[in-house]
Amino acid sequence: MNTHASTENINLENFWMPFTPNKAFKARPKLLVSARDMHYRDVDGREILDATAGLWCVNAGHGRAKITEAIQAQAAIMDFAPTFNMSHPLAFEFAHKLAGILPGDLKRVFFTNSGSESADTALKIALAYQRNRGQASKTRLIGRERAYHGTGFGGISVGGIVRNRMYFGSLLTGVDHLPHTHGVGGNLFAKGEPDNGADLADGLERLVALHDASTIAAVIVEPVAGSTGVLVPPKGYLQRLRALCDKHDILLIFDEVITGFGRLGAAFATDYFGVMPDMICMAKGITNATVPMGGVAVSNRIYDTFMQTADTPIELFHGYTYSGHPLACAAGIATLDVYAEEDLFARAATMAPYWEAAVHSLRDAPHVIDIRNLGLIGGIELQSRPGAPTARAIEVFDRCFEKGLLIRVTGDIIALSPPLIIEKSHIDRTVEIIRDALNETA
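Last residue of the sequence shown: 453 in this note's numbering, with the numbers rising by one and none dropped.
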């Protein structure tokens, strides 16, 4: 579809688009102008089925009246309030409401504005915590290959996506990486958690042997790696990682920016896997993406250490102008209400088996070399064209959009993460369009 005729009066030159081939986009733009429930509408009035929840974030579907009305009402009452040395009631109300669904003793919430800020905040809290408890030598941070923790310097340092790192200098020092879990033998077309690869967590033992545990502050991982193509942890992997962190007195941080708020059929991946980290990074679904917001939930033990050991009145020298923004808090409170009133986390768990069967039905489609799934997440890996990595997936993305379906591609992997309100008919339509697009792609 050529949308240029519909956009010829729109000046596309001044917006430098993120993670986008700008020249190619502006030659053939895709512009969305409205959204409701499971669908977007583009500038030509075409309905586009959203199989990605926007960008892993619109978990309750688009245009939810309760959330919109909460934002509008709060904007009319008070548009902004600082949270440095003062605050407003909604920030405390939202933190308390979040604590009600946060697992274990992860009941203290530091508000941010994005997943990137949440990752950097968690890393800073980890370093300061180790210093405050008398372990100042624990400064090393451990990430994982093929990980995505946003685009701050901390996040790309512990992250493992090469092009997110290679242009930006030496990044943070004192960082190392665990091996990724992709491509383990015997795991192709696994349904849910793959059987093989739990021993990859033992890479932490090798890093301890190399650096010594006395120098390692924290390990940060995504329970399910989303942005690199839906890498589902092998059975027992996260449990093994937790045990090793306990053994060596290392903090474990889960980046749940994608997996949080029902994506796996539970409030958090922490609940789904039964593995308790020391911190959780949040964003995206925290406000159903209506107002940018994020947060870091920390254990009472970490919070209490700051409160009891700080040598200045300010316990943590960190924060953002928009931490706990009134409109974001109003949106977050309403979002949690929608999740609870419609029991969307349980609904996602109920729909997961149908989703799994539908996604894996594409196993015999052209170019498909692997399929992965968990909860309402799906990853369909395509054979790369020789000498042209990503080209085939981008063509499939374009064909799907032309047919009325929004998917996401990362490398040569189709990543799917629909709103939790998805119906079986939407799942059927998603798979049908992807199959047609693959059949039409060389």
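C-beta atoms are modelled at their ideal positions from N, C-alpha and C, and glycine is treated no differently. These numbers were taken from a predicted model, which means no experiment stands behind them.
Using C-beta distances below 7 Å, list every residue in its chain close to residue i, excluding the 5 sequence neighbours before and after it, in chain order.
i      : result
Glu451 : Arg410
Gly343 : Phe105, Ile297, Thr298 and Met304
Asn33  : Trp27
Gly165 : Ala130, Asp131, Leu134 and Leu183
Asn311 : Asp116, Lys118 and Arg119
Leu249 : Pro234, Phe284 and Val286
So the candidates are the options; which of them puts its Cα closest to the Cα of residue i?
i      : options                           : result
His99  : Ala341, Val307, Gln394 and Val349 : Ala341
Asp206 : Ile261, Met287, Leu262 and Val195 : Val195
Gly271 : Ser129, Phe95, His437 and Ile78   : Ser129
Thr361 : Ala46, Lys41, Ser148 and Lys435   : Lys435
Phe179 : His336, His191 and Thr162         : Thr162
Leu417 : Leu66, Val268 and Pro93           : Leu66
Ala278 : Gly165, Leu255, Ser225 and Tyr350 : Tyr350
Gly171 : Ala139, Ala220 and Ile231         : Ile231
Phe200 : Thr421, Ile438, Glu443 and Arg374 : Arg374
Thr123 : His336, Ala453 and Arg440         : His336
Arg251 : Ile291, Asp266, Thr441 and Asp210 : Asp210
Tyr331 : Lys41, Phe121, Lys37 and Leu113   : Phe121
Asp315 : Asn96, Ala84, Ile136 and Glu267   : Ile136
Arg151 : Val169, Thr320 and Phe412         : Val169
Once you ignore the five residues that flank residue i on each side, which residues in its own chain have a CB closer than 6 Å to its CB?
i      : result
Val241 : Arg383, Ile388, Gly390 and Ala426
Ser45  : Arg52
Ile269 : Trp67 and Gly237
Pro397 : none
In angstroms, rounded to a whole number, what distance separates the CA positions of residue i and residue j?
i      : j      : result
Glu392 : Ile380 : 6 Å
Met12  : Ala404 : With a pLDDT of only 38 at Met12, under the threshold of 50, the placement of this residue in the model should not be trusted; the figure read from the coordinates follows. Going from the Cα of Met12 to the Cα of Ala404 covers about 17 Å.
Asp223 : Asp187 : 12 Å
Glu326 : Asn143 : 10 Å
Ala76  : Phe91  : 22 Å
Leu109 : Ser181 : 37 Å
Pro177 : His191 : The question names Pro, yet the displayed sequence has Met at residue 177. In a straight line, the C-alpha of Met177 is about 18 Å away from that of His191.
Ile21  : Phe30  : 21 Å
Arg174 : Thr132 : 23 Å
Arg370 : Ser428 : In the sequence as presented, Arg is not what sits at residue 370; that position holds Val. Cα to Cα, Val370 sits roughly 11 Å from Ser428.
Ala280 : Glu19  : 45 Å
Ala448 : Thr79  : 35 Å
Ala81  : Gly208 : 45 Å
Val302 : Arg157 : 28 Å
Looking at the ligand FAD, does it come within less than 7 Å of residue i, judged from the CB to the closest heavy atom?
i      : result
Asp206 : Ligands are entirely absent from the displayed structure, and the ligand FAD is therefore not among its contents.
Excluding sequence positions up to five away, which residues of its chain have a Cβ less than 8 Å from the Cβ of residue i?
i      : result
Ile432 : Asp48, Met49, Ala71, Gly72, Glu353, Leu355 and Arg358
Leu218 : Ile153, Asp187, Leu189 and Ile227
Val420 : Thr401, Ala404, Ile405, Val407, Phe408 and Ala426
Lys37  : Leu23 and Glu24
Under the assumption that residue i contacts residue j (Cβ atoms under 8 Å), give the Cβ distance between them as a whole number of angstroms.
i      : j      : result
Arg274 : Gly386 : 5 Å
Thr239 : Tyr159 : 6 Å
Ala294 : Ser125 : 6 Å
Ala236 : Leu134 : Rounded, the Cβ-Cβ distance is 18 Å, inconsistent with contact.
Leu338 : Ala86  : 6 Å
Ala220 : Leu255 : Incorrect: roughly 12 Å between the Cβ atoms, too far for contact.
Spell out whether any CB of chain D is found under 8 Å from the CB atom of residue i.
i      : result
Leu416 : No chain D is present in this structure, which holds just one protein chain.
Let me know the beta strand (DSSP E) ranges lying completely inside the stretch 176 to 238, each 3 residues or longer, listed in chain order. 186 to 189 and 227 to 232
For the stretch 364 to 429, which segments carrying the alpha helix (DSSP H) assignment without a break, of at least 4 residues, lie completely within its bounds, in sequence order? 402 to 413
Unbroken beta strand (DSSP E) runs of length 3 or more, entirely within the stretch 288 to 370: which are they? 290 to 293 and 305 to 309
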